[in-house]
Amino acid sequence: MSFAKEKIFITGGGGFVGSHLAEAELKKGNQVVALDLANDEKVKHLLNNPDFEYISADMLNRELIEKYVKWADLIYHFGAIANVQIYCKDPVRVIETNIKSLQIVLELAYQYKKKIIFSSSSETYGKNPKVPWSEEDDRVLGSTNKHRWCYSTSKAMGEHYFFAYADKGLKMAICRFFNFYGPRLDFIGQGRVVTCFLEKFLNNKPVEVVKPGTQTRCFTYIDDGIDGILRIAHRPEAEGKVFNIGTDKETSMIELAEMMKKVGNFSSDIAFIEPDQIYEKGYEDIPRRVPDITRIKTVLDWEPKTSLENGLKITIDHYKELFGKTDISNP
Numbered sequence: 053m054s055f056a057k058e059k060i061f062i063t064g065g066g067g068f069v070g071s072h073l074a075e076a077e078l079k080k081g082n083q084v085v086a087l088d089l090a091n092d093e094k095v096k097h098l099l100n101n102p103d104f105e106y107i108s109a110d111m112l113n114r115e116l117i118e119k120y121v122k123w124a125d126l127i128y129h130f131g132a133i134a135n136v137q138i139y140c141k142d143p144v145r146v147i148e149t150n151i152k153s154l155q156i157v158l159e160l161a162y163q164y165k166k167k168i169i170f171s172s173s174s175e176t177y178g179k180n181p182k183v184p185w186s187e188e189d190d191r192v193l194g195s196t197n198k199h200r201w202c203y204s205t206s207k208a209m210g211e212h213y214f215f216a217y218a219d220k221g222l223k224m225a226i227c228r229f230f231n232f233y234g235p236r237l238d239f240i241g242q243g244r245v246v247t248c249f250l251e252k253f254l255n256n257k258p259v260e261v262v263k264p265g266t267q268t269r270c271f272t273y274i275d276d277g278i279d280g281i282l283r284i285a286h287r288p289e290a291e292g293k294v295f296n297i298g299t300d301k302e303t304s305m306i307e308l309a310e311m312m313k314k315v316g317n318f319s320s321d322i323a324f325i326e327p328d329q330i331y332e333k334g335y336e337d338i339p340r341r342v343p344d345i346t347r348i349k350t351v352l353d354w355e356p357k358t359s360l361e362n363g364l365k366i367t368i369d370h371y372k373e374l375f376g377k378t379d380i381s382n383p
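Shown next as structure tokens:
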């Protein structure tokens, strides 16, 4: 028995999650168009696949977005600026990109009656001290004069838009990611904590942990995250809902550094630094970020399977293989 290929459109398809998602949809036998402003470094292994097309373009190009929304059976709106250093230093760029692109793709998905999946974030919960966070818990944020909260607000506004369109009949679902990591995460020394630590380890430099080091995150290996996303996107029982996707096992920043040192057999020292040495003054950290994953377990029978140690080994081996062969410190 043969099955018709689904046509999948992914904004942000050249990024970390987007590239892995494109790969997974192709493995399901579907056709994929990925659009991103980034270069094709993270999807270069897919470029020879006849069912894959990569478009290097701005998400604010409404005419181009409309072309692929009309073509698609399913849309993933995963394009956004998610780098903490960028949203602290250039909040206008973050707010305009994240909100305007979402308005365009959402309006078109509604116009052409296409199902759409949104990548939200654990950042939407802000600094709510009640953990673990369930999907219906309150958002607790800092002052609007602290740029650190603009990304959280942009993602929450996106969720408001999605639920508003759902009330008008749009088929949709929302994914809140909790610290996904794995191969192709970021360029070394940039972006998220795993790749920032790796840059120091690979160059045998002291690894800098932002004080106090006891702040925790729940690190979710990318294969587990993609499995959750696919279930949310392709199962009708997920429609109209928001889901946390992540492990509920906490790891402190100092524990992460120590585990990476052990798993990678590195020799770097581990040192503590003040937040202002990395982020803008006034940056507010979140002491604990832990998901309640009861909903996704109950509705979609999903839970993470990869231990942090095993996931880090795969990730570190990936970057070790690249290190020295090419300049992986720049996009």
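Counting with this note's numbering, you get residues 53 to 383 for the letters of the sequence shown.
All residues carry an ideal CB built from backbone N, CA and C; glycine is no exception.
Since the structure is predicted, the reported quantities are computational estimates derived from the model, not experimental observations.
Report the residue from the options whose alpha carbon sits nearest the alpha carbon of residue i.
i: residue 276; options: 59, 62, 63 and 69; result: 69
i: residue 119; options: 59, 80 and 361; result: 59
i: residue 314; options: 364, 350 and 274; result: 364
i: residue 144; options: 62, 360 and 205; result: 205
i: residue 280; options: 270, 256 and 228; result: 228
i: residue 345; options: 301, 321, 114 and 369; result: 301
i: residue 197; options: 168, 181 and 141; result: 141
i: residue 360; options: 180, 354 and 309; result: 309
i: residue 99; options: 86, 110 and 111; result: 86
i: residue 71; options: 117, 149 and 238; result: 238
i: residue 337; options: 220, 178, 92 and 251; result: 178
i: residue 284; options: 248, 221, 354 and 116; result: 354
i: residue 164; options: 150, 217 and 132; result: 217
i: residue 297; options: 101, 172, 65 and 112; result: 172
i: residue 306; options: 73, 322, 291 and 270; result: 322
i: residue 112; options: 150, 192, 77 and 290; result: 150
i: residue 356; options: 286, 230 and 266; result: 230
i: residue 311; options: 240, 362, 351 and 255; result: 362
Which of the three DSSP states is assigned to residue i in this structure?
i: residue 263; result: coil
i: residue 346; result: helix
i: residue 240; result: coil
i: residue 270; result: coil
i: residue 338; result: coil
i: residue 185; result: strand
i: residue 154; result: helix
i: residue 303; result: strand
i: residue 230; result: coil
i: residue 326; result: coil
i: residue 167; result: strand
i: residue 254; result: helix
i: residue 2; result: This structure gives no information on residue 2, because the portion of the chain shown stretches from 53 to 383.
i: residue 105; result: strand
i: residue 311; result: helix
i: residue 132; result: coil
i: residue 178; result: strand
i: residue 161; result: helix
i: residue 285; result: helix
i: residue 378; result: Note on residue 378: pLDDT 43, under 50, position unreliable in the model; the coordinate value appears next. Reduced to three states, the DSSP call for residue 378 is strand.
i: residue 225; result: strand
Check for me: the beta strand (DSSP E) holding residue i runs from which residue to which?
i: residue 63; result: 59-63
i: residue 129; result: 126-129
i: residue 295; result: 294-297
i: residue 86; result: 83-88
Drop a sphere of 10 angstroms on the beta-carbon of residue i, count the other beta-carbons inside from all chains shown, and report buried for 16 or more, exposed for fewer.
i: residue 49; result: The shown model of the chain, from 53 to 383, leaves out residue 49, and the question about it has no answer.
i: residue 88; result: buried
i: residue 299; result: buried
i: residue 264; result: exposed
i: residue 75; result: buried
i: residue 67; result: buried
i: residue 210; result: buried
i: residue 272; result: buried
i: residue 153; result: buried
i: residue 166; result: buried
i: residue 295; result: buried
i: residue 320; result: buried
i: residue 258; result: exposed
i: residue 212; result: exposed
Where do the N-terminal and C-terminal ends of the alpha helix (DSSP H) with residue i fall, by residue?
i: residue 204; result: 202-219
i: residue 318; result: Residue 318 -> no alpha helix (DSSP H), and no H or E assigned at all.
i: residue 68; result: 68-79
i: residue 371; result: 360-374
i: residue 115; result: 114-123
Do residue i and residue j have their C-beta atoms closer together than 8 Å?
i: residue 318; j: residue 253; result: yes
i: residue 127; j: residue 161; result: yes
i: residue 233; j: residue 278; result: no
i: residue 343; j: residue 184; result: yes
i: residue 129; j: residue 170; result: yes
i: residue 207; j: residue 175; result: yes
i: residue 61; j: residue 124; result: yes
i: residue 250; j: residue 368; result: yes
i: residue 81; j: residue 96; result: no
i: residue 269; j: residue 341; result: yes
i: residue 223; j: residue 291; result: yes
i: residue 325; j: residue 246; result: no
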